[in-house]
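Let me begin by presenting the structure, written as structure tokens, before commenting on it.
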Amino acid sequence: MEFFYMILFFLLALLYLLSPFLLGKFQKLPPSPFISLPVIRHLYLLKKPLHRTLAKISAKHGPILLLHFGSRPVLLVSSPSAAEECLTTNDIAFANRPRLLAGKHLGYNYTSLVWASYGAHWRNLRRIASLEILSSHRIQTFADIRRNEVRLLVKRLRAGTSDDGHNVVDMKSALFEMMLNIMMRMIGGKRYYDDDESGNLEEERRRFKEIVTETFQLSGAANVGDFLPVLRWIGVDKLEKRLKVLKEKRDGFMQELIDEHRKMIKGSEGQRIQTLIDVLLSLQETDPECYTDEVIRGMMQVLGLDFFHFIYLQGKNHFTPCVLRKN
360 MEFFYMILFF LLALLYLLSP FLLGKFQKLP PSPFISLPVI RHLYLLKKPL HRTLAKISAK
420 HGPILLLHFG SRPVLLVSSP SAAEECLTTN DIAFANRPRL LAGKHLGYNY TSLVWASYGA
480 HWRNLRRIAS LEILSSHRIQ TFADIRRNEV RLLVKRLRAG TSDDGHNVVD MKSALFEMML
540 NIMMRMIGGK RYYDDDESGN LEEERRRFKE IVTETFQLSG AANVGDFLPV LRWIGVDKLE
600 KRLKVLKEKR DGFMQELIDE HRKMIKGSEG QRIQTLIDVL LSLQETDPEC YTDEVIRGMM
660 QVLGLDFFHF IYLQGKNHFT PCVLRKN
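Under the numbering used here, the very last position in the sequence shown is 686; numbers go up by exactly one each time.
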């Protein structure tokens, strides 16, 4: 009996190792690098910097490759014509998002605009974003905010010059803060980067900056559990706990803004500048089931925190070189 189990184990292991090559012939899959190790598959090929490593693999093995990062199949496309084929002709086939751990906790279980799979729900979110939030008319209504922030930046730069008119200015940091102020005034009507560092708003600013920093660190962190789920099952992966804590911080911050604007709308008299939260809350009154607080938080996340994450990466990387090296 023991000999039978040994033979069965050997056959199953052999079938597991040969399955990628056998399935590739029947399914007409793209070619893969020959050596695929058990469990980790092609993860051993990855080295830093990632984009250069993938370029070398593509140059050696071909412009279209099928890699397996642990349990996840990954299509590597480095040919412009093939990329155009994937992103235009067959864009719907590639429209679904990978179900990564960050999307589960930060994307409301893969239901936000960034993480939702292609379908009726995603199309509805896209319609809300394009017609109600990002339309040319809506963007134009915030033109005064953009002009005001540019004036404040110029005024601040002039105030910081020396008597001889020469001074070293960190323009990347200044532009980063200006963009965040523009976006946050459009979303919630508040400036989170200001020379006035006093009062209750300073605590809110501190929380906001902390959330942006943590979002940048955890969203860009390599999560082995996404490729080797067994590590999550046995409790080795600790990133999920940090993502849960970050989700609570983000939800709490955004819900406070929503509740604050809800009170302002009820108690306001006369006209005032409508923020994007105000627009979403007005839509909620007409269709509460469609525009729930979770949907509003998801939209705020896409327009605010995820956008700030992108700007943070572009404008703040010189302040956090250690984080970029780790990622």
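Glycine included, C-beta positions come from ideal geometry on N, C-alpha and C.
Cα-Cα separation, residue i to residue j
| i | j | result |
| --- | --- | --- |
| Leu-635 | Thr-500 | 11 angstroms |
| Ile-423 | Ser-430 | 19 angstroms |
| Asn-483 | Glu-599 | 29 angstroms |
| Lys-406 | Glu-561 | 41 angstroms |
| Leu-662 | Lys-568 | 16 angstroms |
| Tyr-467 | Pro-432 | 24 angstroms |
| Ala-442 | His-410 | 16 angstroms |
| Leu-516 | Asn-507 | 14 angstroms |
| Cys-445 | Pro-389 | 14 angstroms |
| Ile-632 | Ser-438 | 48 angstroms |
| His-480 | Asp-450 | 18 angstroms |
| Glu-573 | Lys-387 | 42 angstroms |
| Arg-510 | Lys-622 | 31 angstroms |
| Ala-418 | Phe-428 | 19 angstroms |
| Ala-533 | Ala-452 | 41 angstroms |
| Ile-416 | Asp-610 | 41 angstroms |
| Asp-618 | Glu-563 | 15 angstroms |
Neighbourhood of residue i by C-beta, 6 angstroms cutoff - its chain only, sequence neighbours within 5 removed
| i | result |
| --- | --- |
| Arg-591 | Gly-584 |
| Gly-462 | Tyr-469 and Trp-474 |
| His-420 | Pro-392 |
Residue i and residue j closer than 8 angstroms at C-beta
| i | j | result |
| --- | --- | --- |
| Leu-426 | His-401 | yes |
| Ser-471 | Gly-626 | no |
| Ile-504 | Ile-541 | yes |
| Val-654 | Ile-492 | no |
| Leu-640 | His-620 | yes |
| Phe-612 | Arg-566 | yes |
| Asp-646 | Gln-614 | no |
| Asn-582 | Leu-435 | no |
| Arg-601 | Leu-577 | yes |
| Ile-570 | Lys-597 | no |
Cβ-based neighbour list, residue i, same chain, cut-off 7 angstroms, excluding 5 preceding and 5 following
| i | result |
| --- | --- |
| Lys-603 | His-464 |
| Tyr-552 | Glu-536, Leu-539 and Asn-540 |
| Leu-396 | Tyr-403 |
| Asn-526 | Gly-519 and Thr-520 |
| Glu-644 | none |
Reduced DSSP category for residue i - H, G, I as helix; E, B as strand; rest coil
| i | result |
| --- | --- |
| Val-436 | strand |
| Asn-676 | Legend: pLDDT at Asn-676 = 48, less than 50; position of this residue unreliable, value from coordinates given subsequently. In this structure, Asn-676 counts as coil in the three-state DSSP scheme. |
| Ile-423 | strand |
| Phe-567 | helix |
| Arg-456 | coil |
| Arg-550 | coil |
| Phe-428 | strand |
| Leu-396 | strand |
| Cys-649 | coil |
| Asn-526 | coil |
| Gly-332 | This structure gives no information on residue 332, because the portion of the chain shown stretches from 360 to 686. |
| Ala-533 | helix |
| Ala-418 | helix |
| Asp-503 | helix |
| Gly-657 | helix |
| Ser-495 | helix |
Other residues of its chain near residue i: CB distance less than 8 angstroms, five sequence neighbours each side excluded
| i | result |
| --- | --- |
| Ser-476 | Ala-454, Asn-455, Arg-456 and Tyr-469 |
| Thr-412 | Leu-404, Leu-405 and Lys-406 |
| Leu-605 | His-464, Leu-465, Ile-570, Glu-573, Thr-574 and Leu-577 |
Cutoff 8 angstroms: residue i Cβ touching any chain D Cβ
| i | result |
| --- | --- |
| Arg-497 | Of the protein chains in the structure, only one exists, and it is not chain D. |
- Which runs of the alpha helix (DSSP H) spanning at least 4 residues fall entirely within the stretch 583-636, listed in chain order? 588-592 and 598-626
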